[in-house]
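Novice: Taken in sequence, the protein lines are chains G and V. Numbering that gives the first Met the number 0 puts the first sequence at residues 0 to 345. Numbering that gives the first Met the number 0 puts the second sequence at residues 0 to 306.
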Amino acid sequence: MTKRLCIHGLAIAGLLASATVPASAADTITVASWGGTYQEAQTKAFFDPTAKELGITIKQDTTNGLDDVRLQVTGNAVKWDITELGADECARGSKEGLFEKLDYNVIDKTGINPKLVHDDWVGISYTSVVLIYRTDVFGDKGPKTWADFWDVQKFPGRRALSGSQATETLSVAALAKGIPIDKVYPVDIDGALQSVDKVKGHIDAWWTSGAQAMQLVKDGEVDMASIWNGRAGTLKKSGAPVSFSFDQGVLTADCMVIPKGSKNKDLAMKALAKFVSPDLQANLPLYVDNGPANEKAFETGKIPPERIKDINSSPENVKKQVLQDPAFWRDTLVEATEKFNNLIQQ
Amino acid sequence: MSLASASLDHASHRDGVINADALRADARRESRGMFALLSPGLFLVFAVIIVPIGWLFWLSLFDESGQLSAANYARFFDQASYIKTFVTTFKVAFTVTGACVLLGYPLAYMLSQLPRRAASICLIFVILPFWTSVLVRTYAWLVILQRKGLVNTWLMDLGVISQPLPLANNFAGVVIGMTHIMLPFLVLPLYASMKTIDADCLRAGMNLGASPAATFRQIFFPLSLPGLASGLVIVFVLCLGFFVTPALMGGGKVIMWAMRMEQTTSLYSNWGAGAALGVVLLAVTLALLGLFHWLLGTRATGVWSER
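Here it is, written out as structure tokens:
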């Protein structure tokens, strides 16, 4: 009751303060993310608690990625106040000047990997690319490393890799060559392409979406694949005979930005500060397998210890994986993707 | 209004040679009136088709730094995958159109020969898939065709094959899935044109001693050509821009032009890169339509000459 009264009071005060600005616009922001179970988890972990704490309304939308932001900003029709993107998209969009500068007096960046803290974008969560194999085919002696995946003699079977995410496939191709995880970046693109060339003839599908990767493994269309850990976790929970681990995973960050020309920039800044705070970041792994970007989340005590070992961005698991470098792909993505396409479509 | 007055004028000047000038003026007035009636439609076509396409073409001429350049088009020759994609697109379109003709012509012929009631019931089965989403139908094909899908499981259980047939995540899967989706687009115009063929022509042919096969070959088939040609053109053009089915059934190994557009649009920071792909597809489609028109003659390309 008191809360509702309070909101009414605020609205009236707002109306009195400025007759020209509608009160509702001032306390509503729109956040866009990828949709699906991931966005549902974000709603519970980030959006709802933030809306409650700041006393605002958070409207939601879904995005297809950087081209949506580009369309809104270059077309002068910015609908979103905050949107999620892949980290390499953030790096590229930043170069194109599509985002508002972030104010790190409002946003506390402690606990977030410095590679994911930039003038106009900040890390929000992690996805891992992992190697999954079917246990009904291999038992527990399946391929454990990318070198195993590449070894078609020792591990005969059908294979799938990502055809749409050249960055991820080139990273695992570098690992398959035996490059240690801390030496993968900067990726030797031509070397990685040679590595892809070696396995190319044995790839039965190049997946182009997370759902497709999941379907290929679930239906036994392939026996092993690269897959996002969220999808792999869903498969395992649904009882599919699969196994995967974070060893040699490729840790890919997602980030959030305020598109240039957002009408509620200041409020968006406050909301974003909440989203990346350890307290709310710790909520995310309670609902979904994407790990928090802020490592302080693991110190809040909110995440049960038995859950921590399954989270890709826990300090223990981070050590086993390659961290994808967004700045590297910002400058090389176009060339690398074209070369990659030329190779896999031969 | 001008139509009514025009016909009255015609009636009052039946011996019109003397009034040639007046008649010409009248015709001009009439065509002006017609043009005025058409103008809202013409304006719409101009605003929603001509202008955006012109804009698309204009955008395709600028590179990432906003400079006028041919970079977006040069890319098609520098990067081998674009030509490969282009060839794949046409290979798929030709194969699917061919498969649709092979399946669709006998089907439409059968429908046209059935009694009206039976034909309309059968037609419902042709149209029914139209009401189901393309995505759902494509996933259904995946369930049927994949390695552990219905077809392979049955054939293996029956001992017909020892290894699963590669039916999904390849060219064959794309062709099967797309043929299913495209078939109604061929059958419906073909059926409509077959229904208009005068049965008396066939009877006359047989009366004059032609065998049923000769009657079909010399009378029915040529008369059904306009319908076939229009169905063929619709299917072929739709195939060129298809996205969902190749994306899901091709296993990333059958990349078509529309899939490439999506990828290029998100990869490059300038709209021109994707726009150039659109311009090329449009130009090639128009050129092909022109070629069909020229090859099959005005009579056969029913899209223009149904009137």
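Positions of the beta carbon are idealized from the N, C-alpha and C atoms, including for glycine. Keep in mind it's a predicted model, so treat the numbers as computed, not measured.
1) Which one of V:I196, V:A286, V:W140 has the shortest CA to CA distance from G172 of chain V?
2) Exposed or buried, V20 of chain G, counting other C-beta atoms within 10 Å across all chains shown (16 or more means buried)?
3) Threshold first: 3 residues or longer. Then list the beta strand (DSSP E) segments lying entirely within the stretch 174 to 223 of chain G, N to C.
4) So for W79 of chain G, helix, strand or coil by DSSP?
5) Taking all protein chains shown into account, do 16 or more other C-beta atoms lie within 10 angstroms of the C-beta of Q71 of chain G, making it buried, or fewer, making it exposed?
6) Where does I57 of chain G fall in DSSP's three states?
7) For W79 of chain G, collect the residues of the same chain with a Cβ closer than 6 angstroms to its Cβ; drop the 5 residues on either side in sequence, then sort them by chain order.
8) Note down, in chain order, every chain G residue with its Cβ under 9 angstroms from the Cβ of A139 of chain V.
9) Measure the alpha-carbon distance for L332 of chain G versus K94 of chain G and round it to whole angstroms.
10) By Cβ distance below 6 angstroms, which residues in the same chain neighbour F235 of chain V in space, the five residues on each side in sequence not counted?
11) Name the chain C residues that come within less than 9 angstroms of Q66 of chain V, Cβ to Cβ?
12) Rounded to whole angstroms, what's the CA-CA distance from I52 of chain V to V279 of chain V? Just pull it up for me.
13) Going by beta carbon distance, what residues of the same chain come within less than 7 angstroms of Y286 of chain G, once the five residues before and after it are set aside?
14) Report all residues from its chain with a CB closer than 7 angstroms to the CB of N63 of chain G; omit the five preceding and five following residues, and keep chain order.
15) Which residue marks the beginning of the alpha helix (DSSP H) containing T358 of chain G, and which one marks its end?
16) Ordered along the chain, which non-local residues of its own chain (more than five positions away) have a Cβ less than 8 angstroms from that of F89 of chain V?
17) Let me see if you follow: with CB-CB separation under 8 angstroms, is R91 of chain G close to chain V or not?
18) Run through DSSP, which three-state label would V20 of chain G get?
19) Determine the DSSP secondary structure at W227 of chain G, reduced to helix, strand or coil.
20) Could you check where the alpha helix (DSSP H) with R202 of chain V kicks off and where it finishes?
21) Relative to the C-alpha of T87 of chain V, which residue among V:T195, V:G289, V:E261, V:N169 is closest?
22) Give the DSSP-derived three-state secondary structure of L280 of chain V in the structure shown.
23) For R158 of chain G, which three-state DSSP category applies?
24) Whole beta strand (DSSP E) runs in the stretch 133 to 206 of chain V with 3 or more residues, listed along the chain?
25) Might you give, ordered along the chain, the residues of its own chain that have their beta carbon closer than 8 angstroms to the beta carbon of K100 of chain G, omitting 5 neighbours on each side?
26) What are the start and end residues of the alpha helix (DSSP H) that includes I123 of chain G?
27) Counting only the same chain and skipping the five closest in sequence on each side, list residues whose C-beta sits under 6 angstroms from that of G249 of chain V.
28) Can a CB atom of chain V be found closer than 8 angstroms to the CB of E167 of chain G?
29) Is the Cβ of R318 of chain V closer than 8 angstroms to any Cβ of chain G?
30) State buried or exposed for V68 of chain G, treating a residue as buried only when at least 16 other CB atoms are found within 10 Å of its CB.
31) Considering only DSSP beta bridges, list what V30 of chain G is partnered with.
32) Where I57 of chain G and S119 of chain V are concerned, what is the direct C-alpha to C-alpha distance, given to the nearest angstrom?
33) Which residue wins for smallest C-alpha separation from A281 of chain G, given the options G:N112, G:K301, G:A267?
34) Tell me which same chain residues have a C-beta within less than 6 angstroms of the C-beta of L222 of chain V, skipping the five on either side of it?
35) Measure the alpha-carbon distance for K153 of chain G versus G260 of chain G and round it to whole angstroms.
36) Rounded to a whole number of angstroms, what is the C-alpha to C-alpha distance between Q247 of chain G and V321 of chain G?
Specialist: Short version:
1) The count along the second sequence starts at 1 and reaches residue 172 of chain V at position 173. Nearest option by C-alpha distance: V:W140.
2) Taking the first residue of the first sequence as position 1, residue 20 of chain G is located at position 21. Here V20 of chain G scores only 42 on pLDDT, less than 50, and its place in the model should not be relied on; the value that follows carries that caveat. Flag for V20 of chain G reads exposed.
3) 202 to 206
4) As a working note, residue 79 of chain G is residue 80 in the first sequence. Residue state, collapsed to three classes: coil.
5) The residue labelled residue 71 of chain G in the question sits at position 72 within the first sequence. Of the other Cβ atoms in all chains shown, 16 or more fall within 10 Å of the Cβ of Q71 of chain G; this residue is therefore buried.
6) Taking the first sequence and counting its residues from 1, the one referred to as residue 57 of chain G is at position 58. In this structure, I57 of chain G counts as strand in the three-state DSSP scheme.
7) If you number the first sequence from 1, residue 79 of chain G lands on position 80. If we look at W79 of chain G and ignore the five residues flanking it on each side, its Cβ neighbours are T29, A31, P258.
8) Taking the first residue of the second sequence as 1, we reach residue 139 of chain V at position 140. Result: empty, since nearest Cβ-Cβ is about 13 angstroms, beyond 9 angstroms.
9) For the purposes of this step, residue 332 of chain G is identified with residue 333 of the first sequence, where counting begins at 1. For the purposes of this step, residue 94 of chain G is identified with residue 95 of the first sequence, where counting begins at 1. Going by the C-alpha atoms only, they are around 13 angstroms apart.
10) Sequence index remark: in the second sequence, residue 235 of chain V carries index 236 (1-based). Closer than 6 angstroms at the Cβ level, and outside the excluded window around F235 of chain V, lie A92, T96.
11) As a matter of chain content, chain C is missing from the structure shown, whose protein chains are G and V.
12) Residue numbering aside, residue 52 of chain V sits at position 53 when the second sequence is read from its first letter. Residue numbering aside, residue 279 of chain V sits at position 280 when the second sequence is read from its first letter. Cα to Cα, I52 of chain V sits roughly 12 angstroms from V279 of chain V.
13) Taking the first residue of the first sequence as 1, we reach residue 286 of chain G at position 287. Counting only Cβ-Cβ distances below 7 angstroms, and skipping sequence neighbours, we find A40, K43, A44.
14) The residue labelled residue 63 of chain G in the question sits at position 64 within the first sequence. So no residue of the chain qualifies.
15) Here chain G comprises residues numbered 0 to 345, so residue 358 of chain G is not present and cannot be evaluated.
16) As a first step, residue 89 of chain V must be located in the second sequence, where it is residue number 90. When the five nearest sequence neighbours on each side are left out, the beta carbons in the same chain lying within less than 8 angstroms of the beta carbon of F89 of chain V are those of L239, in order along the chain.
17) On the first sequence, residue 91 of chain G is found 92 positions in, with the first residue counted as 1. Taking Cβ atoms only, chain V reaches closer than 8 angstroms to R91 of chain G, which makes this a yes.
18) As a first step, residue 20 of chain G is located in the first sequence; it is residue number 21 there, counting from the start. Because V20 of chain G carries a pLDDT of 42, less than 50, the predicted location of this residue cannot be relied on, and the following value inherits that uncertainty. If DSSP states are grouped into helix, strand and coil, V20 of chain G belongs with coil.
19) Within the first sequence, residue 227 of chain G is the residue found at index 228, counting from 1. Residue state, collapsed to three classes: strand.
20) Position 203 of the second sequence, counting from 1, holds the residue named residue 202 of chain V. From DSSP, the alpha helix (DSSP H) with R202 of chain V extends over 198 to 206.
21) Position 88 of the second sequence, counting from 1, holds the residue named residue 87 of chain V. When only C-alpha atoms are compared, the closest one is V:N169.
22) As a first step, residue 280 of chain V is located in the second sequence; it is residue number 281 there, counting from the start. In the structure shown, L280 of chain V sits in a helix (DSSP, three-state: H, G or I).
23) Position 159 of the first sequence, counted from the start, is the residue given in the question as residue 158 of chain G. R158 of chain G falls in the strand class under three-state DSSP.
24) If we require 3 residues or more, the stretch 133 to 206 of chain V turns out to have no beta strand (DSSP E) run fully inside it.
25) Stepping through the first sequence from its first residue, residue 100 of chain G is reached at position 101. The answer, listed in chain order, is D118, D119.
26) Position 124 of the first sequence, counted from the first residue, corresponds to residue 123 of chain G. Looking at the DSSP string, I123 of chain G is not in any alpha helix (DSSP H); the run it does join, the beta strand (DSSP E), is 121 to 133.
27) Translated into positions along the second sequence, residue 249 of chain V becomes position 250. V173.
28) As a position in the first sequence, residue 167 of chain G is number 168, starting the count at 1. No, its Cβ sits nowhere closer than 8 angstroms to a Cβ of chain V.
29) Chain V is shown from 0 up to 306; residue 318 of chain V falls before or after that span and cannot be answered.
30) Taking the first residue of the first sequence as position 1, residue 68 of chain G is located at position 69. Buried: at least 16 other Cβ atoms inside 10 Å.
31) To locate residue 30 of chain G, count along the first sequence from 1; it is residue 31. Its beta-bridge partners are G:Q59, G:I81.
32) Start at 1 with the first residue of the first sequence, and residue 57 of chain G comes out as number 58. Start at 1 with the first residue of the second sequence, and residue 119 of chain V comes out as number 120. Looking at the two C-alpha atoms, the distance is approximately 52 angstroms.
33) The residue given as residue 281 of chain G occupies position 282 in the first sequence. Among G:N112, G:K301, G:A267, the Cα nearest to that of A281 of chain G belongs to G:K301.
34) Taking the second sequence and counting its residues from 1, one reaches residue 222 of chain V at position 223. Excluding sequence neighbours, L222 of chain V sits near I196.
35) For the purposes of this step, residue 153 of chain G is identified with residue 154 of the first sequence, where counting begins at 1. For the purposes of this step, residue 260 of chain G is identified with residue 261 of the first sequence, where counting begins at 1. A direct Cα-to-Cα measurement between K153 of chain G and G260 of chain G gives close to 55 angstroms.
36) Mapped onto the first sequence, residue 247 of chain G falls at position 248. Mapped onto the first sequence, residue 321 of chain G falls at position 322. Taking the straight line joining both Cα atoms gives about 7 angstroms.
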